[in-house]
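Number of protein chains: 2
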Amino acid sequence: MRISDVARHAGVSPSTVSYVLSGKRSISESTTRRVRESIEALGYQPHAGARSLASRRTSVIALVVPLRDDVHVPVAMRFAVSVVTAARTHDHDVLLLTQGEGPDGLRRVAGSAMVDGVIVMDVEADDARVPVLRSLGLPSVLIGVPEDTEALTCIDLDFSAAGALCVDHLADLGHTDVAFVGQPPSVYERRTGFAERTLAGFEAAVARRGLRATSHPCTPESARHVADALQRERPDLTGVIVHNEPSVGPLLDAFAEHGRSAPELSALVIGPSPLVPQPLTSVDLPAEELGGRAVRLLVDKIDGLGEPGVTLLEPGLTDRGSTAHRT
Amino acid sequence: MRISDVARHAGVSPSTVSYVLSGKRSISESTTRRVRESIEALGYQPHAGARSLASRRTSVIALVVPLRDDVHVPVAMRFAVSVVTAARTHDHDVLLLTQGEGPDGLRRVAGSAMVDGVIVMDVEADDARVPVLRSLGLPSVLIGVPEDTEALTCIDLDFSAAGALCVDHLADLGHTDVAFVGQPPSVYERRTGFAERTLAGFEAAVARRGLRATSHPCTPESARHVADALQRERPDLTGVIVHNEPSVGPLLDAFAEHGRSAPELSALVIGPSPLVPQPLTSVDLPAEELGGRAVRLLVDKIDGLGEPGVTLLEPGLTDRGSTAHRT
DNA sequence: CAGGAGTGTCGAAGCGCTTCGACAACGGGC
DNA sequence: GCCCGTTGTCGAAGCGCTTCGACACTCCTG
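Taken in order, these protein sequences are the chains called A and B.
Residues in the first sequence are numbered consecutively from 1, following the UniProt record's numbering.
Residues in the second sequence are numbered consecutively from 1, following the UniProt record's numbering.
If you want it as structure tokens, here you go:
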């Protein structure tokens, strides 16, 4: 089943069929209709390899997903799914690369022309993949922001503003003594952009508002310990900001066992809304929108449109009642 | 950078380079070395599209991942990651398809020759994709087992045996009154293989051993309700089998609040060991091995080796002390 | 030492598509 | 009625690789 079969069936030349399919030259309406009918009748589907050889386009983008122990899988998957979904609406497929392959994986898919572009998640401040991306000349979009963004297209939530938004929310409610419970230590050690920036935003806002504050890395396993320590060392604490999805439950449970919960203790969470346990006030991490926009940026870049640059989405706070005026 | 550049650099013909790369004809050791050096020196990487056009092989396999609300994402991801990792060891890449595209996605990637084969997860008893797979003539491996396995290659944990193993373990410890807490209702409604078979294995074993038993679908949200109901309606209950990762925590917490926990109440879990909360006895769901073996089966099938058939992995039970003799 | 069986290499023919240049056919403008 | 610009279509030349048949050798075997 080749393009020439379609051409014969429709009584035109193969190039005409190709132009009908690509729309790169104008074809009369009657011819277009006949060709489309033949395609339909024969169930023709172009051979992807032949197409990519001739056109130097594969209609495939690569997605590098983080699969480290310290990354919360459901959050990462929300991004991945939204990227796949968005890619399909732009007639692209997605090749899955794992973090584990690192820069070599990028070199491989670029060198063999398997993909038209790549989306990279979980970017670190000094990410080894960034220089590779620059040198490869492969269109790319980062979900996350490294230190040096020169010539890069990045998109992310404005995590710094998100951190500040939480602080301002609590400060506006009269809280003066707050804590930030963040990502696992390893996430900060490898200087993951979103974690660093949230914390920085928190700290700047806390200074600006003149609050007493501490911050603490956290894992689901250490959540209880963190809560106990806060309870012991910061008796006047009235507000907690949690930037760590899987620790939210254990952490708040532990506080509750100390008799501390809303409204006496205000808690709010930074994370994707659908993943936030029901009655918690949160700053949404709009994974779907980020994934979708990353794809759009990439597709534009593949088409030679758009300029490099950093897009930061404005964070929004949804009050679900787990924060209250300081009593 | 083409194969002819390498050929010129090494002083051989393009076909010789190709044979060095593919190993499909014997090439002298000295020529092989020279060619490999040239490849290295020039950093040559074959063009994937050209290769697939000429060889009718893409070295890409498709993976259909389940992205439904009722599927526990971390479990699904363990499979996906192991498939990607295994695929790379066999020199293949992975194209990510979502459940959402259904049979059409399979038709698309098959028709355009984007992939050499496909791995399908989360198979239902009467899965709409199965007939498509049969008609497509695309090599495929199912992780999971549908009702009619005619001409199919499937691999899965022997969930029926896993269910029975749990029952036997409890029965051997003297328990006579047990409960099975399973997947969300929707999982059974769409007749997902693994869920049905585990329950069937449980029920058969329970009958064989003459135990009193009930089974209950469950979600993390309904876990507390399930525990409360069991506590109320089955006061003599001493053993619980949980086949629902995200519900384990809430369910056992709820039992604990009724004052029921190990060793007085024996609990065991069916799920991937690394995801099981620490001190729980479990039947391991070997996601890594299943993914790896699925890839191997598929690669063999692509190479024209191996026969269709169903492979069921023997389940194993790891005693971590959450089960004890009936007191 | 002729004939045959390997062994190693090459040239050329595609694989199925896109795209460039060419060129009819057709209308308008003058 | 002639020239020119459009518009719609076609033919042919690749894209970079694999693979088939051919062929020149070398090495046995009888």
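In this text, a Cβ means the ideal position worked out from N, Cα and C, and glycines have one as well.
Sorting B:156, B:130, B:46, B:228 by C-alpha distance to the C-alpha of residue 150 (chain B) places B:130 at the top.
Pairwise C-beta distances place the region 172-192 of chain B out of contact with the region 131-138 of chain B, as fewer than three of them are shorter than 8 Å. For residue 218 (chain A), no beta strand (DSSP E) encloses it, and the DSSP letter there is neither H nor E.
Straight-line spacing of the CA atoms in residue 69 (chain B) and residue 57 (chain B) works out to 35 Å. Chain B has a Cβ within less than 8 Å of the Cβ of residue 93 (chain A). Taking 8 Å as the threshold, the shortest C-beta distance from residue 47 (chain A) to chain B falls below it. The straight-line gap separating the alpha-carbon atoms of residue 145 (chain B) and residue 42 (chain A) is approximately 33 Å. In this structure, residue 35 (chain A) lies away from residue 54 (chain A), with their beta-carbon atoms at least 8 Å apart. For residue 98 (chain A), the pairing in a beta bridge is given by DSSP as A:65. Restricting attention to B:49, B:236, B:154, the CA atom closest to the CA of residue 327 (chain B) is found in B:236. Distance check between residue 273 (chain A) and each of A:306, A:317, A:301 places A:317 closest, using alpha-carbon atoms only.
Here residue 288 (chain A) is not near residue 313 (chain A), since their CB atoms are 8 Å or more apart. Here the C-alpha atom of residue 52 (chain A) lies approximately 10 Å from the C-alpha atom of residue 115 (chain A).
Taking all protein chains in view, the Cβ of residue 243 (chain B) is crowded by 16 or more other Cβ atoms within 10 Å, so the residue is classified as buried.
At a beta-carbon threshold of 8 Å, the residues of chain B lying near residue 81 (chain A) are 67, 98, ordered along the chain.
Straight-line measurement puts the Cα of residue 4 (chain B) at about 11 Å from the Cα of residue 46 (chain B). Taking the Cβ atoms as the reference, residue 224 (chain A) lies roughly 15 Å from residue 179 (chain A), outside the contact range of under 8 Å. With fewer than 16 other Cβ atoms from the protein chains shown falling within 10 Å of its own Cβ, residue 13 (chain B) counts as exposed. Using a Cβ-Cβ cut-off of 8 Å, residue 103 (chain B) does not count as an interface residue toward chain A, since no Cβ of chain A sits closer than that to its own. Taking a contact to require three or more Cβ pairs closer than 8 Å, the region 183-202 of chain B and the region 77-88 of chain B do not qualify as touching. Excluding its 5 nearest sequence neighbours in each direction, residue 291 (chain A) has C-beta neighbours in its own chain below 7 Å: 79, 82, 83, 86, listed in chain order.
By the criterion of a C-beta distance shorter than 7 Å, residue 279 (chain A) is surrounded in its chain by 320, 321, 322, once the five residues flanking it on both sides are discounted. Residue 122 (chain A) counts as buried, since no fewer than 16 other beta carbons sit within 10 angstroms of its beta carbon. Under the 8 Å criterion on CB atoms, residue 294 (chain A) is classed as non-interfacial with respect to chain B.
Taking 7 Å as the cut-off between beta carbons, none of the residues of the region 117-143 of chain A comes near chain B. Per DSSP, the continuous beta strand (DSSP E) segment holding residue 121 (chain B) begins and ends at 117-121. Annotated three-state conformation of residue 305 (chain B) is coil, per DSSP. Interface residue (Cβ-Cβ distance to chain A less than 8 Å): residue 84 (chain B) is classified as such. At a cut-off of 4 residues, the continuous stretches assigned as alpha helix (DSSP H) that sit fully inside the region 166-204 of chain A are 185-189. Nearest to residue 160 (chain A) by C-alpha distance, out of A:101, A:283, A:108, is A:283.
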